[in-house]
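Structure, as structure tokens:
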Amino acid sequence: MRRRRELALLGFTLPALGWFLVFTVGPLVSLFYYSMTAWRGLIAPRTFVGGDNFRRLAEDPVFHHAIRNSLLQLVITLPIVIVGAFMIAYYLSLRPRGHRIVRAVLFTPVLLSAPALGMVFLGVFAPSGLVNGFLDGLGRSAQARPWLAEGTTAGIAILVVIVWSSMSVSAAMLASRMNAVPDELFEAAELDGCGHWRQLWQIAWPICREFVGVVTMLQFLWTLFSSAAVVLLLTRGGPGTSTVNLSFLVYDYAFNQSKVGYSQAIAVLLFGVGVLGLLGIRRLFRADF
Amino acid sequence: MSRAMRGAGPLRLVAHLGVWVYVLLLLVPLYYLAISSVKSNTAILDSPFNPFRGLQFDNFARAWEGGSLGRGLINQAYITVAANILTLALAVPAAFALARTRGRVGRIIERIFALGFLVPGFAALVPTVLLAIRLDLFHTREFLILLLPASALPLSVVLLTQAMRTVPAELEESAIIDGAGPLRVLVSVYAPLTLPTLTVVLILNFLSFWNEYFFALVIAGPDPAVRTAQVALPLLSMANAAQYGVLAAGIVITLVPVYLVYVLFADKMEGAVFSGALKG
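Residue numbers (UniProt numbering), protein chains in the order written: chain Z, 1 to 289; chain V, 1 to 280.
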């Protein structure tokens, strides 16, 4: 009787499971098959070619560029975002004057869609945009330049946009977690003569460690995948191929360059990097006491 | 409060200064956006930070017509509302069942949804387009309505399951004694008691559906009849290469609904973003 009731209840989960299977799991699994086909356009015929696409990737300089840029984006922005967000969160937990204003401002980048974000920063970095206007105002027009049209500065601009758009969200999430830490813990440390710097790293960090791990995972996924929109909208990978990254390349090869099968080999590798990264982050932040 | 920031040591000064400079850096691009949207192009170039120079308001009309943003916003609203309803219709019954079962199967299903939260849908961009073609729904808004709930289901189910677990079993039992079936119990006992979490889920999904870009771009596509305002926005920049004012006005138009929701639900929104991460 009880068992039958359980099964009847679980029937309620079938529509959601089915949906998840058809629209999430199915496409993800077929990805692996498509990555082994020669396939030039979405409505063109496919032929199975095994590991050919992957062998071609090994000799594709644009792909190597994309790997390098994706890794750089992760290695540079992840520590800045997580450490910066954690310090802001600790600052907010002290409820200094004006902390409500800071909290409210932290939420504004969350509300921007990728196109809004991209278009805002298109204006910021345009030849006659905000940054150059600011330099003009300082009387340093000599340093003004077309930021998005030169390889190095375009790469830096993309890093800036990634940090700008995501550090505040992470800070807001960490601040909520830190609110749940009992004040007594910090008070005891303060009686022992611990300053804020030591309380930050020796008390708050270990207590929130696992949650920091979760925030790091979300940030990692965002940087790896959603940065495609930032690249597409700011530089289209250029000048040349200097700012392509892995997720942008998947889109660009599939929809602009008629290399659908080939692009799916990159998508498979991208997915692999995602899974490995998540496992690595989980290991790094596992509670170890 | 014994943990207040007292004194004025050098480290404290650096902390205050650092945070407020950061706040400033967050606000400056938005300030620039807002004032550019009401300025003529020459004023944007000549005095980029002065909000009172060269005021003109026809940027909004030009963005509205040039990008057919009205149509885009209607398409986007249609997709967002329909996908939100569909998500709830799928997630609420699933969460109800998971909250009420104690068996192993239930736990496994819950685990699937918890992990699904970390599946990056972007990786499957091309196979998803192919699915749309197979279903004969390529370049339609309806495929987006079917697709978007799948990405929102994991988090919605997990959050709602946890909320429904807190509903006391006695309430359910007395309803069953009164002859209520599972559906009746769900509608008249669970739904009202989990209204706060339902609101959080609705807001989270509204934000992510409204702001969807890549799937809207490759599936609905750029045809003005079906494209969303998000897809129209970047096209506006190409059509008005040297007209940042028009583009800025376009961005402001697409942001209005989101900021309205934010102002109305600010307190719940912060909880929503937090729980979004906590349950991952």
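In this text, a Cβ means the ideal position worked out from N, Cα and C, and glycines have one as well.
Keep in mind the model is a prediction, meaning the values are calculated, not measured.
So what does residue i bridge to, in DSSP terms?
i: K39 (chain V); result: V:L55
i: F48 (chain Z); result: Z:T37
Since residue i contacts residue j with CB under 8 angstroms, what's their CB separation in whole angstroms?
i: Q264 (chain Z); j: Y34 (chain Z); result: 4 angstroms
i: L234 (chain Z); j: A157 (chain Z); result: 7 angstroms
i: A114 (chain Z); j: N245 (chain Z); result: Not really, about 14 angstroms apart at Cβ, beyond 8 angstroms.
i: V105 (chain Z); j: L135 (chain V); result: With 8 angstroms as the limit, V105 (chain Z) and L135 (chain V) do not qualify as a contact, their Cβ atoms being about 43 angstroms apart.
i: residue 281 (chain V); j: N84 (chain V); result: Any question about residue 281 (chain V) goes unanswered here, given that chain V covers just 1 to 280.
i: M119 (chain Z); j: P234 (chain V); result: 7 angstroms
i: R165 (chain V); j: A99 (chain V); result: 5 angstroms
i: Y32 (chain V); j: G123 (chain Z); result: 7 angstroms
i: L130 (chain Z); j: T216 (chain Z); result: At roughly 31 angstroms, the Cβ-Cβ gap does not stay under 8 angstroms, so L130 (chain Z) and T216 (chain Z) are not in contact.
i: V226 (chain V); j: N75 (chain V); result: 6 angstroms
i: L147 (chain V); j: F255 (chain Z); result: About 17 angstroms; that fails the 8 angstroms criterion.
i: L74 (chain Z); j: V268 (chain Z); result: Their Cβ separation, rounded to whole angstroms, is 18 angstroms, which puts L74 (chain Z) and V268 (chain Z) out of contact at 8 angstroms.
i: L153 (chain V); j: I219 (chain V); result: About 18 angstroms; that fails the 8 angstroms criterion.
i: V169 (chain Z); j: P109 (chain Z); result: 7 angstroms
Hey, out of the options, whose CA is closest to residue i's CA?
i: R4 (chain Z); options: V:F49, V:D58, V:F209, V:R102; result: V:R102
i: E172 (chain V); options: V:I74, V:F96, V:L88; result: V:F96
i: P61 (chain Z); options: Z:L249, Z:V275, Z:F125, Z:F255; result: Z:L249
i: G67 (chain V); options: V:M238, V:A266, V:V258, V:D267; result: V:M238
i: S128 (chain Z); options: V:A43, V:L30, V:V256, V:G250; result: V:A43
i: V246 (chain V); options: V:D223, V:L144, V:A63; result: V:A63
i: F12 (chain Z); options: V:T161, V:Y244, V:T140; result: V:T161
i: Y251 (chain Z); options: Z:A58, Z:L270, Z:P182; result: Z:L270
i: L278 (chain Z); options: Z:L218, Z:T241, Z:T243; result: Z:L218
i: A8 (chain Z); options: V:P93, V:A77, V:D46; result: V:P93
i: W20 (chain V); options: Z:Y262, Z:I101, Z:W201; result: Z:I101
i: L28 (chain Z); options: Z:L284, Z:E150, Z:G272, Z:R286; result: Z:G272
i: T80 (chain V); options: V:Q230, V:V252, V:F57; result: V:Q230
i: G51 (chain Z); options: Z:G261, Z:G98, Z:L117; result: Z:G261
i: L260 (chain V); options: V:N59, V:A15, V:L144, V:W210; result: V:W210
i: P239 (chain Z); options: Z:L185, Z:V160, Z:E150; result: Z:E150
i: residue 290 (chain V); options: V:L137, V:K39, V:N75; result: Because residue 290 (chain V) is not part of the residues shown, which for chain V are 1 to 280, the question remains open.
i: L221 (chain Z); options: Z:P146, Z:V160, Z:G274; result: Z:G274
i: I35 (chain V); options: V:L24, V:N41, V:P51; result: V:P51
i: F86 (chain Z); options: Z:R283, Z:T223, Z:S242, Z:Q202; result: Z:Q202
i: D223 (chain V); options: V:S37, V:E65, V:A15, V:R71; result: V:R71
i: K268 (chain V); options: Z:R209, Z:F107, Z:V181, Z:Q257; result: Z:F107
i: R107 (chain V); options: Z:T241, Z:F211, Z:E6; result: Z:E6
i: F63 (chain Z); options: Z:S242, Z:W197, Z:F186, Z:V161; result: Z:S242
i: A150 (chain V); options: V:V256, V:G18, V:A91, V:P29; result: V:A91
i: N41 (chain V); options: V:L30, V:V14, V:G54; result: V:G54
i: W164 (chain Z); options: Z:F121, Z:L200, Z:W147, Z:E184; result: Z:F121
i: F54 (chain Z); options: Z:P109, Z:M36, Z:T47, Z:N69; result: Z:M36
i: R68 (chain Z); options: Z:A189, Z:A171, Z:S247, Z:W205; result: Z:S247
i: V231 (chain Z); options: Z:I162, Z:R103, Z:I281; result: Z:I162
Does chain A have any CB closer than 8 angstroms to the CB of residue i?
i: L153 (chain V); result: Chain labels in this structure do not include chain A; the protein chains are Z and V.
Give, in chain order, every residue of the segment 109-128 of chain V whose Cβ lies closer than 8 angstroms to some Cβ of chain Z. Per Cβ criterion, the list reads I109, I112, F113, G116, L118, V119, P120, G121, F122, A123, A124, L125, V126, P127, T128.
Could you check whether the segment 169-182 of chain V touches the segment 186-200 of chain Z, counting it as contact only if at least three pairs of C-beta atoms, one from each stretch, sit closer than 8 angstroms? Too few Cβ pairs lie closer than 8 angstroms, so no.
Measuring CB atoms only, is the segment 117-133 of chain V touching the segment 33-47 of chain Z, in the sense that at least three cross pairs come out at less than 8 angstroms? Yes: at least three Cβ pairs fall under 8 angstroms.
Along the segment 212-238 of chain V, what residues have a CB closer than 7 angstroms to any CB found in chain Z? So the close ones are Y213, F214, V218, Q230, L233, P234, S237.
Below 8 angstroms, can you find three or more Cβ-Cβ pairs linking the segment 176-187 of chain Z to the segment 147-166 of chain Z? They do not touch, by the three-pair rule.
Near-chain V residues of the segment 74-94 of chain Z (beta-carbon distance less than 7 angstroms), N- to C-terminal order: Within the segment 74-94 of chain Z, I88, Y91, L94 place their CB atoms closer than 7 angstroms to a CB of chain V, listed in sequence order.
Report the residues of the segment 241-259 of chain Z with a CB closer than 7 angstroms to any CB of chain V, ordered along the chain. Flagged, chain order: S247, V250, Y251, A254, F255.
Contact the segment 219-228 of chain Z vs the segment 5-25 of chain Z: 3+ CB pairs below 8 angstroms: Note that the segment 219-228 of chain Z does not touch the segment 5-25 of chain Z; fewer than 3 beta-carbon pairs, one per stretch, sit closer than 8 angstroms.
Going along the chain, which residues of the segment 239-268 of chain V sit with their C-beta nearer than 7 angstroms to a C-beta in chain Z? Near chain Z, meaning a CB-to-CB distance below 7 angstroms, the residues of the segment 239-268 of chain V are Y244, L247, A248, I251, T254, L255, V258, Y259, Y262.
Could you list the residues in the segment 167-185 of chain V with a C-beta less than 8 angstroms from some C-beta on chain Z, going in chain order? For the segment 167-185 of chain V, which is checked against every Cβ of chain Z, the residues closer than 8 angstroms are P182.
Listed from N- to C-terminal order along the chain, which residues in the segment 173-200 of chain Z have their beta-carbon within a distance smaller than 8 angstroms of any beta-carbon of chain V? Contacts with chain V (Cβ-Cβ distance below 8 angstroms) from the segment 173-200 of chain Z involve M173, S176, R177, D183, F186, E187, E190, G195, H196, W197, listed in chain order.
Under 8 angstroms, with one C-beta from each stretch per pair, do the segment 182-195 of chain V and the segment 108-127 of chain V reach the 3-pair mark? Taking 8 angstroms as the limit for Cβ pairs, the verdict is that the segment 108-127 of chain V does not touch the segment 182-195 of chain V.
Select from the segment 203-233 of chain Z all residues with a C-beta closer than 9 angstroms to any C-beta belonging to chain V, and list them in chain order. Listed by position, the residues of the segment 203-233 of chain Z near chain V (Cβ gap below 9 angstroms) are F211, V214, V215, M217, L218, L221, L224, F225, S226, A228, A229, L232, L233.
Say whether the segment 107-115 of chain V touches the segment 146-158 of chain V, bearing in mind that this needs 3 or more beta-carbon pairs closer than 8 angstroms, one atom from each stretch. Contact between the segment 107-115 of chain V and the segment 146-158 of chain V is established, with three or more Cβ pairs separated by less than 8 angstroms.
Residues in the segment 36-55 of chain Z having any Cβ partner in chain V nearer than 9 angstroms: Answer set for the segment 36-55 of chain Z: L42, I43.
Can you give me, in chain order, the residues of the segment 68-101 of chain V that have a beta carbon less than 7 angstroms from any beta carbon in chain Z? If the cut-off is 7 angstroms between Cβ atoms, the segment 68-101 of chain V has L90, A91, P93, A94, F96, A97, L98, R100, T101 near chain Z.
Interfacial residues, the segment 261-272 of chain Z to chain V, with Cβ spacing under 7 angstroms: Taking 7 angstroms as the Cβ-Cβ cut-off against chain V, the residues of the segment 261-272 of chain Z that qualify are S263, Q264, A267, L270, F271.
Would you list, in chain order, the members of the segment 31-56 of chain V that have their beta-carbon closer than 8 angstroms to a beta-carbon of chain Z? Within the segment 31-56 of chain V, those residues whose Cβ lies closer than 8 angstroms to any Cβ of chain Z are, in chain order, Y32, L33, S36, I44, L45, P48, F49.
Interfacial residues, the segment 133-163 of chain V to chain Z, with Cβ spacing under 8 angstroms: For the segment 133-163 of chain V, residues whose beta-carbon sits nearer than 8 angstroms to a beta-carbon of chain Z comprise I133, L146, L147, P149, A150, S151, L153, P154, V157.
Any residues in the segment 101-120 of chain Z with a beta carbon nearer than 8 angstroms to a beta carbon of chain V? Which ones, in chain order? Within the segment 101-120 of chain Z, the qualifying residues are I101, V102, R103, A104, V105, L106, F107, T108, P109, V110, L111, L112, S113, A114, P115, A116, G118, M119, V120.
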